[in-house]
Amino acid sequence: MDHDRVDSGITVIGTGTAPTAVDHVTVTLGVEVVRPDAGDAFRTAAATATAVMAVLSDHGVQSRAVRTADLSLGPRYDFRNNEQVLAGYQAAQRLMVSLQGLASVDRMLSDVVGRAGEGVRIDQVALTAGDPRDAEASARAAAFADARDKAGHLASLAGRPLGPVLSIADHQGGGPMRVVPLAARAADSSVMPVATGDTAVTVSVVVHFAWAD
């Protein structure tokens, strides 16, 4: 057997996970208003969006942390008796709010819904780690250790000694970061609680080992 061939040896995928604190929140807010008149729909939606911005400002959100993702105005149709009927005109806007830290985000969201006016909705709240690089490094080290353990076990089952590493690469199948909720922070029943917790960063590596014999 030619042990110098590139395809000789054993290839395994190792996976490692490391926790990191959730310290970044992205909130997607929507405004949607339907009126018989297009101008009225647009003005009402604009007033609601302005009120949303005012509530965010009251909570210390800087203007550069808010951007308009999309803005639309057009006819809204319903189906009645198998016919398409003009129901009015819909004005809509979607706002993306990016925040560092989670302090009072639950109160902010409740105020947006309660104070901003007609047509406001919360489309999504995404909790992530602002800088997961340290956790990624720890998870990668754990993934390599997992790969070595797997390779050692398989080599033992095959009755052959495990040799040096010939190649190593990140594996894209490790999966995205995920939020692990721990506990709600809000005791006030008038506030929608936002659960916080750690994010688990998962990394996978593909390692190819040579045989030692």
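The sequence shown finishes on residue 1284 if you use our numbering, and the numbering steps up by one all the way, no holes.
We put the beta carbon where it would ideally sit given N, CA and C, even for glycine.
This structure is a prediction, so every number in the text was calculated from the model and none was measured.
Query raised in the report: Using CA coordinates, which residue listed in T1119, R1151, R1219, E1207 is at the minimum distance from G1071?
Result: Since the displayed the chain opens at 1072 and closes at 1284, residue 1071 lies outside it and no answer follows.
Query raised in the report: Below 8 Å between beta carbons: does that hold for A1218 and I1084?
Result: The sequence position of residue 1218 within the sequence shown is 147, counting from 1. The sequence position of residue 1084 within the sequence shown is 13, counting from 1. Yes. Within cutoff.
Query raised in the report: Quick check: the segment 1147-1161 against the segment 1082-1099, are there 3 or more CB pairs under 8 Å?
Result: Taking 8 Å as the limit for Cβ pairs, the verdict is that the segment 1082-1099 does not touch the segment 1147-1161.
Requested in this report: Would you kindly check if the distance between the Cβ of A1222 and the Cβ of L1233 is under 8 Å?
Outcome: For the purposes of this step, residue 1233 is taken as residue 162 along the sequence shown, with counting starting at 1. For the purposes of this step, residue 1222 is taken as residue 151 along the sequence shown, with counting starting at 1. The answer is yes: Cβ separation under 8 Å.
Requested in this report: Return the CA-CA distance between S1079 and V1278, expressed in angstroms with no decimal places.
Outcome: If you number the sequence shown from 1, residue 1079 lands on position 8. If you number the sequence shown from 1, residue 1278 lands on position 207. Cα to Cα, the separation comes out at about 13 Å.
Query raised in the report: Looking only at its own chain, which residues have a Cβ that is under 8 Å from the Cβ of F1150, when we skip the five neighbours before and after it?
Result: On the sequence shown, residue 1150 is found 79 positions in, with the first residue counted as 1. Closer than 8 Å at Cβ, skipping near neighbours: V1156.
Query - Sequence-distant residues of the same chain with beta carbon closer than 6 Å to G1131, five excluded per side - result: If you number the sequence shown from 1, residue 1131 lands on position 60. Around G1131: no qualifying Cβ.
**Report entry** Of the residues V1105, I1239, Q1171, the one placed nearest A1162, counting alpha carbons only
**Finding:** For this step, residue 1162 is matched to residue 91 along the sequence shown. The alpha carbon of A1162 has as its nearest neighbour, out of V1105, I1239, Q1171, the alpha carbon of V1105.
Query raised in the report: What residue from T1082, V1093, G1087, I1081 has the CA that sits closest to D1202's CA?
Result: Taking the first residue of the sequence shown as position 1, residue 1202 is located at position 131. The candidate whose alpha carbon is nearest that of D1202 is V1093.
Report task. Grab the span of the alpha helix (DSSP H) containing G1190 for me, first residue to last. Result -> Here the question's residue 1190 lines up with position 119 in the sequence shown. Counting along the chain, G1190 sits inside no alpha helix (DSSP H), nor does DSSP assign it H or E at all.
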